[in-house]
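Asks: Quick note: the sequence shown uses the working numbering, first residue 1336, plus one each step.
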Amino acid sequence: MEIVRSQRRNGSDGSAGAASLPLYKSAPSLEVRLEEFERCAIDRLRVLKAISDGLSRGKKPEEMDNLVGELWRANMKHQDVDETLRKDIISHFALRLVYCREEEMRRWFLSMETTLFRYRFRLQNAEAQKSIMNELQLQYNVLSHAEYETLKDKLIQAARSVNSTSNPETVFYKVPFEDVPDLVAGRRVFLLKGFAFVPRNQVVSLVCTIFRSNISKALALTNRKWRATIHDQEKDRLAPIVEALGNSYLGPDYSQPRECAEISLKDINQLASSSFPLCMRHLFGKLKEDHHLKHGGRMQLGLFLKGVGLKLEDALAFWRAEFSQKVGAERFDKEYAYSIRHNYGKEGKRTDYTPYSCQKIIMSTPSTGDHHGCPFRHFSEENLRAALNKMGVGGRAMDDIMDKVRNRHYQLACTLTFEATHAASCETGINHPNQYFVESRKIFQSKILVRMLITIV
């Protein structure tokens, strides 16, 4: 296949010269194997998703700097500078293709790429930064000495209000205030008559504004090309990879039971109330209430139960007991038992199907009468509050969760729910329903062990 490449180290095609910081502006051809395309995309996606989690958890700027640096070194950096640049180019354009397809995906990708670029730009030396500014055609004027002397006291005061320990800048750029919305929102610049006076050490905001605008336009263009030609041309080769990457889960494999071994039918009701995440708790409750679930719900809950250790024989007995109350045992055996055996790899292609990740569940689109999907995304606020109340969530924890939901941080909302219901932190964040279950059982089992030790003592 061919994939676009934006620049070379010699500064042509939109590069940052010796800085080797791509601007991803142009797209010369580059031969890339599908395996390399997917591998590079996944590695960059690990970086972007960890950045997203760090931002949504409210990490401080210095903590984010350390996090991004560690992520880049672990996933993207190569001993050979040229190989690092090659991977950088391939991975960006691969994910641009993946995330151009829907508005919400475009917004997320744009925000994460800008955050990553901001960090990398700050690491460049002054010469490299100037080269990047020239390449982006930033035609901002440095404040003249006369203007500086007139506004000196106010400029110094503004600079010191941001960082009282640093020496005030003497070089400022006079720019339209709308070009630096983040600095204006954070009250980090002096404003006068529609202009913001940006100190040299804050010039990264000017650069990121232009970078973000360029990538936003490029995403819209890529989306049009994807819909018009690429999808149909690559429907049997590249398109399946692109679509899978959009729902990709990068954590452990939960296709087989992990630490918690097997669960039995006699324990399933208790486990559902104590250790199921909200999405599975909701499906389990609806199954008990209606004695039926549509296909999407059966797949989501059934594969989850398989992953937490429900054996095939018990799974058939569990679903038969519920469905037979509505459709009868004979119809269940004819119409539904096959799909359950199929999920366990005992029918058809005998594929060992994997439980759905949070990302796949969030991106699903349940219709009327469906109960699958992510409650944090698909429930109304009233229904979500009611469901969380049933789990014992309230007060400040409820407010924090709803705030994350409003900002579309659905996995973080689930993580906060876990922390509120288990009185324990989850630093890794929840990325998979089966991970939620495993971590929950660890906590409950440790509490049981502590009580046993106390009793013995």
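Beta carbons are placed, not taken as given, at the ideal position from N, Cα and C, and that holds for glycine.
1. Within 9 Å (strictly less), CB to CB, does GLU1569 reach chain C?
2. So what does DSSP say about ASN1476, is it helix, strand or coil?
3. Applying the 10 Å Cβ sphere with the 16-neighbour rule, what's the burial state of ARG1572?
4. When you compare only the Cα positions, how much space is there between ASN1766 and CYS1693?
5. Drop a sphere of 10 angstroms on the beta-carbon of SER1350, count the other beta-carbons inside from all chains shown, and report buried for 16 or more, exposed for fewer.
6. Looking only at its own chain, which residues have a Cβ that is under 7 Å from the Cβ of LEU1430, when we skip the five neighbours before and after it?
7. So what does DSSP say about ILE1765, is it helix, strand or coil?
8. Relative to the alpha-carbon of ASN1558, which residue among SER1540, VAL1577, GLU1448 and LEU1541 has its alpha-carbon at the smallest distance?
9. Could you give the uninterrupted runs of the beta strand (DSSP E) lying entirely in the stretch 1394-1445, keeping only those of 3 residues or more?
10. What runs of the alpha helix (DSSP H), each 4 residues or longer, lie entirely inside the stretch 1531-1571?
11. Considering TYR1509, what are the terminal residues of the beta strand (DSSP E) in which it resides?
12. Assign ASN1769 to buried or exposed, taking buried as 16 or more other Cβ atoms, counted over all protein chains shown, within 10 Å of its Cβ.
13. Find out if the Cβ-Cβ distance for the pair GLY1708, GLN1660 is shorter than 9 Å.
14. Does PHE1779 come out as helix, strand or coil in the three-state DSSP assignment?
15. Which residue marks the beginning of the beta strand (DSSP E) containing SER1364, and which one marks its end?
16. Are the Cβ atoms of LEU1618 and HIS1713 separated by less than 9 Å?
17. If ASN1582 and LYS1641 are in contact, beta carbons under 8 Å, what's the gap, nearest whole angstrom?
18. Are the Cβ atoms of LEU1490 and PHE1507 separated by less than 9 Å?
19. Would you please state the rounded distance, in angstroms, between the beta carbons of LEU1647 and ARG1676? I believe it to be under 8 Å.
20. Return helix, strand or coil for LEU1458, following the three-state DSSP convention.
21. Between the C-alpha atoms of VAL1773 and HIS1630, what's the straight-line distance to the nearest angstrom?
22. In this structure, what does DSSP give as the bridge partners for PHE1525?
23. Can you tell me the Cα-Cα spacing of ALA1563 and ARG1436, whole angstroms?
24. Determine the extent of the alpha helix (DSSP H) in which LYS1661 is found, giving its start and end residues.
25. Per DSSP, ILE1576 forms a beta bridge with which residues?
26. Here's the rule: buried if 16 or more other CB atoms are within 10 angstroms of the residue's CB, otherwise exposed. What is GLU1448?
27. In the DSSP assignment, what are the bridge partners of ILE1598?
28. Kindly indicate which three-state DSSP category THR1756 falls into: helix, strand or coil?
29. Whose CA, out of PRO1534, ASN1401 and ILE1697, lies closest to the CA of LEU1451?
30. Helix, strand or coil: how does DSSP classify HIS1630 here?
31. Should LYS1725 go down as buried or exposed, given a rule of 16 or more other Cβ atoms within 10 Å for buried?
32. What residues in its chain sit with their C-beta under 8 Å from that of LYS1621, if we drop five residues either side in the sequence?
33. Just to confirm, are ASP1649 and SER1599 a CB contact at a threshold of 9 Å?
34. Distance check for SER1674 and LYS1684, CA to CA, integer angstroms please.
35. Give a yes or no on whether the C-beta atoms belonging to LEU1358 and ILE1467 are separated by under 9 Å.
36. Take ARG1776 as the anchor and find which of ASP1567, LEU1719, PRO1612 and GLY1764 has the nearest alpha-carbon.
Replies: Let's see:
1. The chain labelled as chain C is not found in the depicted structure, where only one protein chain is given.
2. Strand at ASN1476.
3. Exposed: under 16 other Cβ atoms inside 10 Å.
4. About 5 Å.
5. Because SER1350 sits at a pLDDT of 36, beneath the cut-off of 50, its placement in the model cannot be relied upon, and the point is left open.
6. Excluding sequence neighbours, LEU1430 sits near ALA1376, ARG1379, LEU1380 and PHE1444.
7. ILE1765 falls in the coil class under three-state DSSP.
8. That would be VAL1577, whose Cα lies nearest to the Cα of ASN1558.
9. Taking only runs of at least 3 residues, no beta strand (DSSP E) segment lies wholly in the stretch 1394-1445.
10. Entirely contained in the stretch 1531-1571, the alpha helix (DSSP H) runs reaching 4 residues are, in chain order, 1539-1560.
11. The question names Tyr, but residue 1509 is Lys in the sequence shown. Counting along the chain, the beta strand (DSSP E) containing LYS1509 begins and ends at 1507-1511.
12. Result: buried.
13. No, the pair does not count as a contact, with Cβ atoms beyond the cut-off.
14. In the three-state DSSP reduction, PHE1779 falls in the helix class (H, G or I).
15. For SER1364, the enclosing beta strand (DSSP E) starts and ends at 1364-1366.
16. Result no, Cβ atoms of LEU1618 and HIS1713 do not sit closer than 9 Å.
17. Between LYS1641 and ASN1582 the Cβ distance is about 19 Å, and since that is not below 8 Å, they are no contact.
18. Yes, Cβ-Cβ distance for LEU1490 and PHE1507 is below 9 Å.
19. With a Cβ gap of about 7 Å, LEU1647 and ARG1676 count as contacting.
20. LEU1458: coil per DSSP, three-state reduction.
21. VAL1773 and HIS1630: Cα-Cα distance of roughly 25 Å.
22. Per DSSP, PHE1532.
23. Rounded to the nearest angstrom, the two C-alpha atoms are 12 Å apart.
24. Looking at the DSSP string, the run of the alpha helix (DSSP H) that includes LYS1661 is 1647-1662.
25. DSSP, once it has assigned bridges, lists no residue as partnering ILE1576.
26. By the C-beta density criterion, GLU1448 is buried, having at least 16 other C-beta atoms within 10 angstroms.
27. DSSP output for ILE1598 lists LEU1645 as bridge partner(s).
28. Of the three classes helix, strand and coil, the one that applies to THR1756 here is helix, per DSSP.
29. Comparing alpha-carbon positions, the option among PRO1534, ASN1401 and ILE1697 lying closest to LEU1451 turns out to be ASN1401.
30. Three-state result, HIS1630: helix.
31. Exposed: under 16 other Cβ atoms inside 10 Å.
32. Shown here for LYS1621: same chain residues with a beta carbon closer than 8 Å to its own, the five before and five after excluded, namely LEU1628, GLY1632 and HIS1706 in chain order.
33. Contact flag set, yes.
34. So the alpha carbons of these two residues sit roughly 12 Å apart.
35. Yes, they are a contact pair.
36. In terms of Cα proximity to ARG1776, the closest of ASP1567, LEU1719, PRO1612 and GLY1764 is PRO1612.
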